[in-house]
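Protein chains in written order, with this note's numbering: chain A, 206 to 828; chain B, 119 to 316.
The block underneath contains the structure these notes are about, expressed in structure tokens.
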């Protein structure tokens, strides 16, 4: 084990995201832009930490489109630039992507890293962003290990610099958020100096010829991919099955093959998944009778390989998502691969029954919830109260952030799709009166989301005289992803200027505007009720607190301890504080059939005092 | 040691799953082994169930343990230990779990109460080869800090005969990652004794 010891200790534990950041540093980047989003956030966070040491300009841009545009500017001027984002971020940036692919990226090099979230652990969909690489006709690379994540990112810059095209590196949650050992490489010696911009950074008047030129670049790139040693495959004699996989799925395949102990199953880990190296693939397919595809999330490689196999004299049997051997949705894992191979082989795999046998009824849910003292809970509590007051005729169109949890809070938030879509949807709903729509319309967004994508919707609402209430839950940070700064944050980096939400809102001259305190439940209910009762465009900016944010949560509490008076509390007959309000710091004492405040979890916000209809909850000052 | 050796850490967001994974990975490196740590952290700070998959071997293994292949299940919370066992435990799984409950806050199903610990314990024994249920509440109140539960549990795990990582290495890694915070080291040492007393 001596060699192993030396080896382990000379490498560094890195998450897939940290390895991508390291690859970018080794490639000599000078510029990084991003907008936070799970599971991509840590790429830019890591580069922020190393920015001074490696002379890199790093920013959290207002949104992903701005981020990509800024990064392209740097690349055009000759500075290698990385732009990282989560899957849904690429939807926002795609308009620019499908133009800059034609314009070219100049000498600097532009690499876009997109992290998809199969199963949607922290996302509202599980989209497969690889289709953007196909739509934009740009190269796409999918690393399968931590080491590859670093090496592939470095290679992506080389490729972008050589062909002057944006290159996309795609990761998924389990690679981004798991950690393994990575051997570091040497840093690039390339000098970081800006030069003049290339000519004709636009596609008109003949975008079709730009398209022709891009396709020609892709022809040259695919020739590089044909000989790339990134695409590793095992050489197997009398191969009975070939498994083709990409990304983290290749790790599952390697492990499944280890567990199956078959010597007749070959494996190709394909890293260059667009454009696919046709010759490499077809020569492998000629020796395979059966082929299984394993990938996240959609049958991207599977369909491409089926297409490029059309010229083969003898087609192998293909298995994958199209044949139902691999599920067409959700995450992959080793068990899925084993089961699929077992089905193809006709061998039985012992599928473990998931705890149904013993005590499945014990598995009570532990849903995500607002933290103790989170003011978003107060807001939705107020919404629920006001909704009752107006006979249920109130619709809340929502947005993306911690406050999205409102959909699980007695469905206090009714709709939730994309960044900024609450105000947009509300614009539409507010125009349905003529068709008999008679609910009050409320749109909700957080502060970072406000800057990201709400401005066009809000301008539309003003311009169209929309009859709606727009509520901004302002905790002055990007709380969901770990407190990244945005234009409205309290503290700004040197040289940056704070942009006040209030100034922007007032400039649009809503029919009514007010600031409220989300920590004052009684005041909040009255403010919401009186506001929605008015007509026209109303905007409420609510001062909110994230209890996880060290910066804002240290407010002085008037009281040291909060208690429920058992003599006043109605216990089982009421349950409002425990079951309806649902603060994690309020638990149920089954022995006494009463709620109890868990002192270790209570943040002393006092919100529950206003929630109790019997005045049983009291704050006390300790002597 | 089995290749790979699989440790699954189960807990609730905020309990210190991530730290456990990091400490154990660091200890594995000290022993010349190659760790892979798979975390879920979307939910890690908002009260959801959190799992950390640790694979220890001589090459990269996938970041998720295949079902039934867990060697040690380290439970920071009893219900979460059971939830993890229901999905991942198998014939050779040794479970070691804290009895410190983190109540659920589910306003949609306010009627469902936290199950009795005896029932969790009985169900867990059916799924695992051997189980250790540790009275962590008493130990933590002795130490005087609820925040060191994960260090306590790491100490307990380190004294299992099946642990491929030595107690000395885990302790060193804990110290390297968390600094010489005495509460954590005290908790670790108390944890070591807890198994022996169990």
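Using N, Cα and C, we set each Cβ at its ideal position, and we do this for glycine too.
Quiz item: Thinking C-alpha only, which one of A:289, A:420, A:656 and A:258 is nearest residue 709 of chain A?
Solution: A:656
Quiz item: Which value, in whole angstroms, describes the spacing of the CA atoms of residue 732 of chain A and residue 721 of chain A?
Solution: 7 Å
Quiz item: Shorter than 7 Å from the beta carbon of residue 538 of chain A to some beta carbon of chain B?
Solution: yes
Practice problem: Determine whether the Cβ of residue 558 of chain A lies closer than 7 Å to any Cβ atom of chain B. | Solution: In this prediction, residue 558 of chain A scores a pLDDT of 48, lower than 50, which makes its location untrustworthy; the coordinate-derived value is nonetheless stated afterwards. So, not an interface residue.
Practice problem: For residue 460 of chain A, return the contacting residues in chain B, with the cut-off set at a CB-CB distance below 8 Å. | Solution: 179, 180 and 184
Practice problem: For residue 157 of chain B, go through chain C and note every residue whose CB falls closer than 7 Å to its CB, in chain order. | Solution: In summary, chain C is missing from the structure at hand, where the protein chains are A and B.
Exercise. Measuring only between beta-carbons, confirm whether residue 350 of chain A sits less than 7 Å from chain B.
Key: yes
Quiz item: Mind checking residue 666 of chain A: buried by the 16 CB within 10 Å criterion, or exposed?
Solution: buried
Self-check item: Close beta carbons around residue 305 of chain B, own chain, < 6 Å, minus the five adjacent residues each side
Solution: 261, 266, 269 and 270
Practice problem: Figure out for me which residue from B:297, B:198, B:210 and B:303 has the closest Cα to the Cα of residue 128 of chain B. | Solution: B:198
Quiz item: What number of angstroms, rounded off, separates the C-alpha of residue 153 of chain B from the C-alpha of residue 178 of chain B?
Solution: 7 Å
Exercise. Classify residue 304 of chain A as helix, strand or coil using the three-state DSSP reduction.
Key: helix
Self-check item: 7 Å CB neighbourhood of residue 558 of chain A in its chain, flanking five on each side removed
Solution: Because residue 558 of chain A carries a pLDDT of 48, less than 50, the predicted location of this residue cannot be relied on, and the following value inherits that uncertainty. Counting only Cβ-Cβ distances below 7 Å, and skipping sequence neighbours, we find nothing.
Quiz prompt | With 16 other Cβ atoms within 10 Å as the buried cut-off, status of residue 320 of chain B | solution = Given a span of 119 to 316 for chain B in the structure shown, any question on residue 320 of chain B remains unanswerable.
Quiz item: To which residues of the same chain is residue 589 of chain A closer than 7 Å at the C-beta, ignoring the five residues directly before and after it?
Solution: 615 and 617
Quiz prompt | Sequence-distant residues of the same chain with beta carbon closer than 7 Å to residue 146 of chain B, five excluded per side | solution = 153, 174 and 283
Quiz item: Can you tell which of A:459, A:511 and A:401 has its C-alpha closest to the C-alpha of residue 349 of chain A?
Solution: A:459
Quiz prompt | For residue 119 of chain B, the three-state DSSP class (helix, strand or coil) | solution = coil
Self-check item: Contacts that residue 457 of chain A makes with chain B (C-beta to C-beta distance below 7 Å)
Solution: 180
Quiz item: Cβ of residue 129 of chain B less than 7 Å from any chain A Cβ?
Solution: no
Practice problem: Output yes if chain B places a C-beta closer than 7 Å to the C-beta of residue 273 of chain A; else output no. | Solution: no
Practice problem: Since I believe residue 632 of chain A is in contact with residue 855 of chain A (beta carbons under 8 Å), could you give me their beta-carbon distance rounded to a whole number of angstroms? | Solution: This structure does not reach residue 855 of chain A, given that chain A is present from 206 up to 828, and the question cannot be answered.
Quiz item: Does the distance from the CB of residue 719 of chain A to the CB of residue 677 of chain A come in under 7 Å?
Solution: no
Quiz item: Is the beta carbon of residue 156 of chain B sitting closer than 7 Å to the one on residue 383 of chain A?
Solution: yes
Quiz item: Residues of chain B with CB under 9 Å from residue 564 of chain A, in chain order?
Solution: 200, 204, 233, 237, 238, 240, 241, 242, 244 and 245
Quiz prompt | Proximal residues to residue 691 of chain A (C-beta, below 6 Å), its chain only, five neighbours per side dropped | solution = 653, 656 and 683
Exercise. Taking residue 245 of chain B as the reference, give the member of B:206, B:236, B:180 and B:132 with the closest Cα.
Key: B:206
Quiz prompt | Backbone CA spacing between residue 644 of chain A and residue 419 of chain A [nearest angstrom] | solution = 51 Å
Practice problem: Report the partner residues of residue 748 of chain A according to the DSSP bridge assignment. | Solution: A:679 and A:722
Practice problem: Quick one: using the 10 Å Cβ neighbour count with 16 as the cut-off for buried, is residue 600 of chain A buried or exposed? | Solution: buried
Quiz item: Using Cβ-Cβ distances below 7 Å, what residues of the segment 246–266 of chain B are close to chain A?
Solution: 264
Quiz prompt | Cβ-based burial, residue 195 of chain B [other Cβ within 10 Å; buried from 16] | solution = buried
Self-check item: Buried versus exposed, by CB contacts within 10 Å (16 or more), residue 214 of chain A
Solution: exposed
Self-check item: Stretch-stretch touch, CB-based, cutoff 8 Å, three pairs: the segment 347–361 of chain A with the segment 409–418 of chain A
Solution: no
Practice problem: Identify the contact partners of residue 567 of chain A in chain B, using a Cβ-Cβ distance below 8 Å as the criterion. | Solution: 197, 200, 233, 237, 238 and 241
Exercise. Starting from residue 94 of chain B, find everything on chain A with Cβ-Cβ shorter than 7 Å and list it in chain order.
Key: Nothing can be reported for residue 94 of chain B, as the shown portion of chain B is limited to 119 through 316.
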